[in-house]
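Peer 1:
Protein chains in written order, with the working numbering: chain A, 587 to 889; chain B, 57 to 345.
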């Protein structure tokens with residue numbers, strides 16, 4: 587069994603009457619890419635803040651490398667690298683000096699590591715320029731370099747591709763699984779669900795501070811079953827589908843209808859519709875992506 | 057805590073504000089020295105009863121008087137600069153969002169705050185030495201020019217007195233510095249710290265005057281505030297009588313001994329540091345800091 591790197595136990599955060607995070611139980615294992623998804627205001631950043639010891643839990647605890655973060659924050663935090671939301675650095679310092687600031691504080695960063703990291707993120711030619719002159723993408727790259735500087739066992743990346751151009755986004759998408767292969771665990775927060783689907787081993791989805799789904803990508807994608815239907819009379823088809831109790835949802839997607847219904851009942855559905863004079867020009871399983879599952883789960887909660 | 061202090065020192069050393077503050081302090085010493093020097097060659101007699109002459113003033117600006125004079129400038133104007141330095145060291149971290157970054161690479165929140173305070177205090181001490189160096193250099197140059205240069209004043213007593221005066225000057229700066237720091241933590245901004253520090257530094261003498269005019273028991277309140285005790289402590293610095301006091305240690309019968317005044321100032325400093333530590337330690341550092 588894989589070694590557990592991070593565990594949160596019954597984590598709660600209350601701000602007055604507002605519950606930001608409720609009973610959050612997460613596990614992150616060695617060498618895996620774990621994605622933490624949720625709509626804006628779902629409690630992702632608060633949870634990450636509690637993991638990093640920046641936000642104090644109202645209840646519950648965070649265990650990093652089997653050590654309670656609240657009791658012994660250091661040196662376990664030395665084994666964690668994080669970029670939280672927008673990267674923040676000293677504007678008057680160069681990219682190089684910003685990383686140097688961190689190496690002085692961390693002490694045990696090997697010599698030459700700063701140059702190595704700047705090269706890795708493509709900032710080697712701009713490393714001596716002031717941070718305040720950087721574009722958002724460059725700031726993001728410097729954030730990633732700062733995260734990797736200490737060669738951490740756990741890397742927390744909050745929207746790492748924010749502000750990056752397509753080439754930069756692809757580089758990060760390739761970098762994340764590579765980090766896992768090299769022995770790091772990656773805790774990823776992103777709104778780019780196609781990226782998340784491509785790089786993640788496991789995914790957790792939160793809504794209104796609560797964990798509503800957690801599992802492998804395959805498990806989450808297998809959770810929702812959809813059929814793809816097309817007919818000349820789309821409006822009539824929607825009306826008929828609405829009357830079938832085991833059809834739980836219908837939506838228009840690129841000229842066809844995506845129907846939430848068990849795929850094993852496809853033939854039965856065809857029979858019901860044909861019996862009412864509705865002839866289908868297309869019927870088959872609809873490919874499900876993470877975005878559909880995410881929207882379904884988060885909408886379900888809203889409903 | 058040493059790596060964090062090294063980090064703070066690195067950041068402040070690279071920051072323009074630090075050098076600007078140092079330049080302002082040195083500039084003030086030069087400016088005031090020049091004004092006094094200029095005055096010494098123009099006035100015949102001055103002071104109550106016209107007991108001083110321009111020659112007396114000029115003599116006071118030569119080497120023995122340069123050190124207490126520079127300390128007097130630091131004790132008065134240095135407080136403003138220390139306030140800016142202290143409030144900026146933590147307030148800017150909030151403004152830039154780097155407070156999160158530093159919290160994740162620090163071996164503890166208390167250590168981070170203490171490292172900042174130690175470095176700000178250290179830089180203030182170095183700035184004070186710089187001011188003294190500038191005054192010494194200025195004094196030495198004019199003394200050489202006018203043939204007044206002599207090392208005869210350099211006795212063990214003189215050196216001891218100057219060290220004590222240096223310590224007293226740093227002591228009177230510390231409560232203002234720590235107040236600005238604590239308020240910058242409280243308000244999560246440099247402006248809050250600078251505003252409060254400056255407000256206290258400038259408004260307190262006025263408020264003390266009003267309280268004094270209101271009679272007992274109101275008139276006793278200033279005895280326990282910063283300005284009165286700052287003046288009592290600075291009065292111990294042996295500034296030549298001919299030099300203007302610049303608002304530090306001026307007139308009146310001291311209401312406490314220098315020791316009591318020093319303890320009151322130290323108590324304020326400790327209280328402000330405690331506030332900063334408790335606030336920073338207990339507070340969440342979220343996306344809005």
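Note that beta-carbon positions come from the ideal geometry of N, C-alpha and C, so glycine has one too. Quick caveat: nothing in here was measured; it's all calculated off a predicted structure.
Does the ligand FMN have even one heavy atom less than 7 Å from the beta-carbon of residue 264(B)?
Peer 2: Of the ligands one can find in the structure shown there are none, so the ligand FMN has no counterpart to examine.
Peer 1: Go to residue 790(A), then tell me how far its alpha helix (DSSP H) extends in each direction, as first and last residue.
Peer 2: As a working note, residue 790(A) is residue 204 in the first chain. Careful: residue 790(A) lies outside any alpha helix (DSSP H), inside the beta strand (DSSP E) at 788-793.
Peer 1: At a Cβ threshold of 8 Å, is residue 640(A) touching chain B?
Peer 2: For the purposes of this step, residue 640(A) is taken as residue 54 along the first chain, with counting starting at 1. Closer than 8 Å to some Cβ of chain B, the Cβ of residue 640(A) qualifies, so yes.
Peer 1: Using the Cβ count rule (16 or more neighbours within 10 Å means buried), how would you classify residue 785(A)?
Peer 2: The residue labelled residue 785(A) in the question sits at position 199 within the first chain. Under this definition residue 785(A) is a buried residue.
Peer 1: Candidates 140(B), 124(B), 208(B) and 61(B): which alpha carbon is nearest residue 72(B)'s?
Peer 2: Sequence index remark: in the second chain, residue 72(B) carries index 16 (1-based). From the listed residues 140(B), 124(B), 208(B) and 61(B), the smallest Cα separation to residue 72(B) is found for 140(B).
Peer 1: In or out: residue 804(A) buried (at least 16 other Cβ within 10 Å) or exposed?
Peer 2: Within the first chain, numbered from 1, the residue matching residue 804(A) stands at position 218. Answer is exposed; the Cβ neighbour count stays below 16.
Peer 1: Taking Cβ to Cβ, would you say residue 674(A) is nearer than 8 Å to residue 152(B)?
Peer 2: Indexing the first chain from 1 puts residue 674(A) at position 88. Indexing the second chain from 1 puts residue 152(B) at position 96. Residue 152(B) is positioned such that its CB atom lies closer than 8 Å to that of residue 674(A).
Peer 1: Relative to the C-alpha of residue 877(A), which residue among 647(A), 791(A), 860(A) and 638(A) is closest?
Peer 2: The count along the first chain starts at 1 and reaches residue 877(A) at position 291. Just measuring C-alpha positions, the residue of 647(A), 791(A), 860(A) and 638(A) sitting nearest residue 877(A) is 791(A).
Peer 1: Name the one or two DSSP bridge partners that residue 802(A) has.
Peer 2: As a first step, residue 802(A) is located in the first chain; it is residue number 216 there, counting from the start. DSSP lists 788(A) as partners of residue 802(A).
Peer 1: Under three-state DSSP, which class holds residue 674(A)?
Peer 2: Taking the first chain and counting its residues from 1, the one referred to as residue 674(A) is at position 88. Coil at residue 674(A), not helix or strand.
Peer 1: With a threshold of 8 Å between beta-carbons, can residue 145(B) be considered close to chain A, or not?
Peer 2: By 1-based counting over the second chain, the position of residue 145(B) is 89. No, because no Cβ of chain A sits closer than 8 Å to the Cβ of residue 145(B).
Peer 1: Touching or not, the region 809-827 of chain A and the region 838-851 of chain A, by the rule of three or more beta carbon pairs under 8 Å?
Peer 2: A contact is defined here as three or more CB-CB pairs under 8 Å, and the region 809-827 of chain A meets this definition with respect to the region 838-851 of chain A.
Peer 1: Alpha helix (DSSP H) containing residue 660(A): first to last residue?
Peer 2: The residue you call residue 660(A) lines up with position 74 of the first chain. Segment 659-662, the alpha helix (DSSP H) holding residue 660(A).
Peer 1: 8 Å is my cut-off, CB to CB: does residue 112(B) come that close to chain A?
Peer 2: Mapped onto the second chain, residue 112(B) falls at position 56. With its beta carbon at least 8 Å from every one in chain A, residue 112(B) lies outside the interface.
Peer 1: Cα separation between residue 741(A) and residue 596(A)?
Peer 2: For the purposes of this step, residue 741(A) is taken as residue 155 along the first chain, with counting starting at 1. For the purposes of this step, residue 596(A) is taken as residue 10 along the first chain, with counting starting at 1. Approximately 22 Å between the Cα atoms of the pair.
Peer 1: Just by C-beta distance, which residues in the region 141-168 of chain B are closer than 7 Å to chain A?
Peer 2: 152, 153, 154, 156, 157, 159, 160, 161, 162, 163 and 164
Peer 1: Would you mind working out which of 606(A), 842(A) and 826(A) sits nearest residue 598(A), comparing C-alpha positions?
Peer 2: In the first chain, residue 598(A) corresponds to position 12, counting from 1. That would be 606(A), whose Cα lies nearest to the Cα of residue 598(A).
Peer 1: Could you check how far apart the C-beta atoms of residue 880(A) and residue 773(A) are, in whole angstroms? I think they sit under 8 Å.
Peer 2: Here residue 880(A) is taken as the residue at index 294 of the first chain, counted from 1. Here residue 773(A) is taken as the residue at index 187 of the first chain, counted from 1. Contact doesn't hold; Cβ gap of about 17 Å is too wide.
Peer 1: Pop quiz: residue 766(A) and residue 617(A) are said to be a contact at Cβ under 8 Å. What is the actual Cβ separation, rounded to whole angstroms?
Peer 2: Counting from one through the first chain, the residue named residue 766(A) turns up at place 180. Counting from one through the first chain, the residue named residue 617(A) turns up at place 31. That pair is a contact at about 5 Å.
Peer 1: Looking only at its chain, what residues have a beta carbon closer than 6 Å to the beta carbon of residue 230(B), apart from the 5 residues adjacent to it on each side?
Peer 2: Position 174 of the second chain, counted from the start, is the residue given in the question as residue 230(B). Result list for residue 230(B): 325, in chain order.
Peer 1: If the cut is a Cβ gap below 8 Å, which residues of chain A does residue 67(B) touch?
Peer 2: Taking the first residue of the second chain as 1, we reach residue 67(B) at position 11. Neighbours of residue 67(B) on chain A, chain order: 676, 679 and 687.
Peer 1: Give the secondary structure of residue 680(A) by DSSP, where H, G and I count as helix, E and B as strand, and everything else as coil.
Peer 2: Numbered from its first residue, the first chain carries residue 680(A) at position 94. DSSP places residue 680(A) in strand when its eight states are reduced to three.
Peer 1: Consider the Cβ of residue 660(A): report whether some Cβ of chain B lies at a distance smaller than 8 Å.
Peer 2: On the first chain, position 74 is the one that residue 660(A) refers to. Yes, contact with chain B.
Peer 1: Taking contact to mean at least 3 C-beta pairs separated by less than 8 Å, is the region 239-246 of chain B in contact with the region 129-138 of chain B?
Peer 2: They do not touch, by the three-pair rule.
Peer 1: Please report the distance separating the alpha-carbon of residue 155(B) from that of residue 699(A).
Peer 2: Taking the second chain and counting its residues from 1, one reaches residue 155(B) at position 99. Taking the first chain and counting its residues from 1, one reaches residue 699(A) at position 113. When rounded, the distance between both Cα atoms is 23 Å.
Peer 1: Do you know whose CA, among 250(B), 232(B) and 192(B), lies nearest residue 131(B)'s CA?
Peer 2: Here residue 131(B) corresponds to residue number 75 of the second chain, with the count starting at 1. Selection 250(B), 232(B) and 192(B) evaluated against residue 131(B) yields 232(B) as nearest (Cα-Cα).
Peer 1: Hey, would you say residue 650(A) sits closer than 8 Å to residue 592(A), going by beta carbons?
Peer 2: Residue 650(A) sits at position 64 when you count from the first residue of the first chain. Residue 592(A) sits at position 6 when you count from the first residue of the first chain. Yes.
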